[in-house]
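A.B. asks: The structure's right below; bear with me while I get my questions together.
Protein chains: 2
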Amino acid sequence: MKATIKDVAKKAGVSLATVSRILNESGYFDEETGRRVREAVAALGYRRNVHWTRLKRNTSETVCFLLGNRDAMNSMQMRMLVACEGVLREKGMDVVFTGMRYGSEQRSAQIARPRMLAEDGIVDGVVLTGQHHANLLGVFERMGMPYVLAANNFTGKPALTKRNAVIYDDRTACDEAVRYLARLGHKRVAFAGNIAYPWFRRRYEGYAEAAGQLRLTPIEVTDDWQVNSIEYGRLATAQLLRHPNGPTAVLAANDEVAAGVWKELVHRGVRIPGEISLIGFGDREEFSILEPSLTSISVYPDKLGAELARMLLRRLADPAAEEAAKVFPCQLMERASCGPAPRQLQAVRG
Amino acid sequence: MKATIKDVAKKAGVSLATVSRILNESGYFDEETGRRVREAVAALGYRRNVHWTRLKRNTSETVCFLLGNRDAMNSMQMRMLVACEGVLREKGMDVVFTGMRYGSEQRSAQIARPRMLAEDGIVDGVVLTGQHHANLLGVFERMGMPYVLAANNFTGKPALTKRNAVIYDDRTACDEAVRYLARLGHKRVAFAGNIAYPWFRRRYEGYAEAAGQLRLTPIEVTDDWQVNSIEYGRLATAQLLRHPNGPTAVLAANDEVAAGVWKELVHRGVRIPGEISLIGFGDREEFSILEPSLTSISVYPDKLGAELARMLLRRLADPAAEEAAKVFPCQLMERASCGPAPRQLQAVRG
DNA sequence: CTGAAAGCGCTTACAG
DNA sequence: CTGAAAGCGCTTACAG
């Protein structure tokens, strides 16, 4: 079976204590004894038992990447996971992935958690991604589990996203996207997205602010339809095109909504960007297949993921030290789906 | 700090052994003593130290989901991961995710592995997904690490995929896809995909076999161009359209190639499926945004992932018992990108 | 410089 | 039915 320190001691003809000292390079020892012990270690293929280390140090050297209330990980979350893993692996830590669903109204004590988050010691800390609610934060506070939050899709009070969190500034990014469209000559700029979601509302606010300041004609579809984002984009587009004085550009709340808008425009033979320019949000790779290529807003998931890992590492080193949230800027990725505003009023379609 | 069994014993006024027996329900004990102990446990919030259990049982109750030689997980792999996790969680096991890159020509001993796969005891077994080579299997054999292989993107000898593996029958699926196109009246059916990849070659063979038996006119683009799959699809399409007697249907080696084909066709104004029908492979969600919706071949990643987990569980229970590979059928998902073959010969475009 | 012994948190024969 | 003791794999004062 697996060699233990005892086997090494016997083989090298020394005591357990000596082997331990030599392997840990703690205290004095004879170089000759050292050589003998290391030979025995090599011969037996001995390695310190991981569980023992973890038991002693009371850590698992493992961090949980928790995807909340989502069916699948999208490429943005995937990139965050990979970036997290990269940073943590350098410190010898592993990342375990798990998904979890819960309602925002459940009392903290009643939230059913995966075992790794219910039991003590399986993971040292948690990275919260996907969609989360305030009640889960309470669970972690109470059990003394350090966590760090990717806060953009958080539904609780904004105050809770001010510490131990990473957030990208979607509001400003949408403001800037509208200014970009205005520079291209667009006067009638639409927004499409269900603002019942706080994150879509923030993007809407950025849009509305810029549109107001630039005295553009805002045209909005922000209803709370119970459909998926792609379908939302289609329905929104149908409605926008019914408008007597329709938009020449659309800012979609995310890339999926943009894909729906795109589908409907293509379906109706509306040219992009000839007749309508389109901007998405998220810059997710999945949508790189759209033709023309979609102008979108990147949130730099690699940076977010790496910072999340570093922030958690700092909390693990000193659990008391809470940290202010880090805000990351986004970046408009200009591609082919935006162009100059068409000169003359176009015929209404629909 | 955290309560230990000692604290419980003191609080309940009994010995360690008694507490242990009662908590494990092993041996006889007085019901009254049992109540006192359980009260103490509740009062102190005592829970058995996970690391101790793992040390004793010499397991980690953790399985590694290893994505080989890929930058990101696609939705197929994601679904496999989630399905794996579901099955394993029921057994109280966790899934840790990691990515890893290595060359097929490296000697087993020289492959650099993440710590969780280099050290003993961190994970109990490995699920291999993504793209893998034979040399890594050797590493796991040598260290006695049970593994299970999602074998479709394996580059080594096919014999190595005959045990402890799960594989979907892409060959037959492509054969059937061609027959489906033939039933729609297509006589000139093309295949697009780089057959330097063994998995694309298998799909090509299925295509070629059916085309031969049905006496269709095969038109193939199988060159080893060093470009990504989407670009491959575009280039292949450009070439197919240059053909004096071009295809009326295209079977793409995977959904990404199909997306490239689709892009190029749309770009050139070729109607799908009016002029050319198109079939992808993989049925990945990312491509559901294509318009018209893409007919594709589903590989049922949920089933694959669950079976992978179950197979690994069986190996963990009895490491000696190697199992024959499980072959899963695929399923053609008929959607809007295929239609009847156009009646008359169409003008050559390009 | 090295070993015997106690200890970490828990279980399990073995006495009583 | 219950407790004292040995043991898991390892480290760390404490003697020598």
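Chains A and B, in that order, give the protein sequences. Residue numbering for the first sequence follows this note's numbering, beginning at 353 and increasing consecutively. Residue numbering for the second sequence follows this note's numbering, beginning at 353 and increasing consecutively. Ideal Cβ positions, reconstructed from N, Cα and C, are used throughout, including at glycine. This one's a predicted model, so the numbers in the text were calculated from it and none came from an experiment.
Could you name the residues of the same chain whose beta carbon sits closer than 7 Å to that of Gly-397/B, not counting the 5 residues immediately before and after it, in chain order?
C.D. replies: For the purposes of this step, residue 397/B is taken as residue 45 along the second sequence, with counting starting at 1. Ala-355, listed in sequence order.
A.B. asks: Can you name the residues of chain A whose CB is closer than 9 Å to the CB of Lys-358/B?
C.D. replies: Walking along the second sequence from the start, residue 358/B turns up at place 6. The contacting residues do not exist; Lys-358/B stays about 15 Å from chain A at best.
A.B. asks: In three-state DSSP terms, what is Gly-657/B?
C.D. replies: The residue given as residue 657/B occupies position 305 in the second sequence. Three-state result, Gly-657/B: helix.
A.B. asks: Which term fits Asp-476/B, buried or exposed, when burial requires 16 or more other beta carbons within 10 angstroms of its beta carbon?
C.D. replies: Taking the first residue of the second sequence as position 1, residue 476/B is located at position 124. Per the 10 Å Cβ criterion, buried.
A.B. asks: Mind checking the region 434 to 447 of chain B against chain A and listing, in chain order, the residues whose C-beta falls within less than 8 Å of any C-beta there?
C.D. replies: Cβ contacts with chain A come from Val-434, Glu-437, Arg-441, Gly-444, Asp-446, Val-447.
A.B. asks: Assign Arg-586/A to one of two classes, buried (16 or more other C-beta atoms within 10 Å of its C-beta) or exposed (fewer than that).
C.D. replies: Within the first sequence, numbered from 1, the residue matching residue 586/A stands at position 234. Burial call: buried.
A.B. asks: Tell me the DSSP secondary structure of Lys-443/B in three-state form.
C.D. replies: Start at 1 with the first residue of the second sequence, and residue 443/B comes out as number 91. Coil, per DSSP.
A.B. asks: Near Ala-486/B, which residues of its chain fall below 7 Å by C-beta distance, leaving aside the five closest residues on each side in sequence?
C.D. replies: Translated into the one-based positions of the second sequence, residue 486/B becomes position 134. Result list for Ala-486/B: Gly-508, Lys-509, Leu-512, in chain order.
A.B. asks: Any idea if Pro-671/A is buried or exposed, counting beta-carbon neighbours within 10 angstroms, 16 or more meaning buried?
C.D. replies: As a working mapping, residue 671/A is identified with position 319 in the first sequence. So Pro-671/A counts as exposed.
A.B. asks: Starting from Thr-589/B, follow the beta strand (DSSP E) in both directions and report where the run begins and ends.
C.D. replies: As a working note, residue 589/B is residue 237 in the second sequence. Looking at the DSSP string, Thr-589/B is not in any beta strand (DSSP E); the run it does join, the alpha helix (DSSP H), is 581 to 594.
A.B. asks: Please check the pair Met-663/B and Asn-516/B, which I expect to be a contact at CB under 8 Å, by giving their CB distance rounded to whole angstroms.
C.D. replies: Within the second sequence, the letter at position 311 stands for residue 663/B. Within the second sequence, the letter at position 164 stands for residue 516/B. Right, their Cβ atoms sit about 7 Å apart.
A.B. asks: Mind checking Val-389/A: buried by the 16 CB within 10 Å criterion, or exposed?
C.D. replies: As a working note, residue 389/A is residue 37 in the first sequence. With 16 or more Cβ atoms within 10 Å of its Cβ, Val-389/A is classed as buried.
A.B. asks: Could you give the first and the last residue of the continuous alpha helix (DSSP H) run that contains Pro-550/A?
C.D. replies: Locating residue 550/A in the first sequence gives position 198, where the first residue counts as 1. Counting along the chain, the alpha helix (DSSP H) containing Pro-550/A begins and ends at 550 to 565.
A.B. asks: Which of the three DSSP states is assigned to Ala-699/B in this structure?
C.D. replies: Residue 699/B sits at position 347 when you count from the first residue of the second sequence. Confidence at Ala-699/B is low in this model, with a pLDDT of 47, below 50, so its placement is unreliable and the value that follows should be read with caution. In the structure shown, Ala-699/B sits in coil (DSSP, three-state: anything other than H, G, I, E or B).
A.B. asks: Please work out which residues of its chain come closer than 6 Å, Cβ to Cβ, to Phe-492/A, disregarding the five sequence neighbours upstream and downstream, and give them in chain order.
C.D. replies: Your numbering for residue 492/A matches position 140 in the first sequence. Same-chain partners within the cutoff: Tyr-499.
A.B. asks: State the DSSP-derived secondary structure class of Gly-612/B, mapped to helix, strand or coil.
C.D. replies: In the second sequence, residue 612/B corresponds to position 260, counting from 1. If DSSP states are grouped into helix, strand and coil, Gly-612/B belongs with the helices.
A.B. asks: Could you tell me the distance, in whole angstroms, from the CA atom of Ser-372/B to the CA atom of Ala-364/B?
C.D. replies: Locating residue 372/B in the second sequence gives position 20, where the first residue counts as 1. Locating residue 364/B in the second sequence gives position 12, where the first residue counts as 1. Near 12 Å, if we compare the C-alpha coordinates of Ala-364/B and Ser-372/B.
A.B. asks: Please check the pair Ser-645/B and Ser-689/B, which I expect to be a contact at CB under 8 Å, by giving their CB distance rounded to whole angstroms.
C.D. replies: Locating residue 645/B in the second sequence gives position 293, where the first residue counts as 1. Locating residue 689/B in the second sequence gives position 337, where the first residue counts as 1. Yes, they are in contact, since the Cβ atoms of Ser-645/B and Ser-689/B sit about 7 Å apart, within 8 Å.
A.B. asks: So for Arg-515/B, helix, strand or coil by DSSP?
C.D. replies: Here residue 515/B corresponds to residue number 163 of the second sequence, with the count starting at 1. Three-state result, Arg-515/B: strand.
A.B. asks: Quick one: what does DSSP say Leu-501/B is sitting in, helix, strand or coil?
C.D. replies: By one-based count along the second sequence, residue 501/B stands at place 149. Leu-501/B: strand per DSSP, three-state reduction.
A.B. asks: Should Pro-625/A go down as buried or exposed, given a rule of 16 or more other Cβ atoms within 10 Å for buried?
C.D. replies: For the purposes of this step, residue 625/A is identified with residue 273 of the first sequence, where counting begins at 1. With 16 or more Cβ atoms within 10 Å of its Cβ, Pro-625/A is classed as buried.
A.B. asks: Would you call the region 528 to 535 of chain A and the region 560 to 569 of chain A in contact, with 3 or more CB pairs under 8 Å?
C.D. replies: Touching, yes, given that three or more Cβ pairs across the two stretches are closer than 8 Å.
A.B. asks: Using a Cβ-Cβ cut-off of 8 Å (strictly less than) and excluding sequence neighbours within five positions of Gln-458/B, which residues of its own chain qualify?
C.D. replies: Numbered from its first residue, the second sequence carries residue 458/B at position 106. Asn-487.
A.B. asks: Nearest by alpha-carbon distance to Ile-631/B: which of Ile-649/B, Pro-596/B, Phe-639/B, Pro-466/B is it?
C.D. replies: Taking the second sequence and counting its residues from 1, the one referred to as residue 631/B is at position 279. It is Ile-649/B whose Cα lies nearest to the Cα of Ile-631/B.
A.B. asks: Does the beta carbon of Thr-589/A come closer than 8 Å to any beta carbon on chain B?
C.D. replies: Taking the first residue of the first sequence as position 1, residue 589/A is located at position 237. It does not; no Cβ of chain B falls within 8 Å.
A.B. asks: Determine the DSSP secondary structure at Ser-640/B, reduced to helix, strand or coil.
C.D. replies: Against the second sequence, residue 640/B aligns to sequence position 288. Helix at Ser-640/B.
A.B. asks: What residue does the alpha helix (DSSP H) around Met-316/A start on, and which one ends it?
C.D. replies: Residue 316/A lies beyond the stretch modelled for chain A, which goes from 353 to 702, so this question has no answer here.
A.B. asks: Can you confirm whether Ile-641/B, when its beta carbon is compared against all beta carbons of chain A, has any partner nearer than 8 Å?
C.D. replies: Within the second sequence, the letter at position 289 stands for residue 641/B. Ile-641/B counts as touching chain A.
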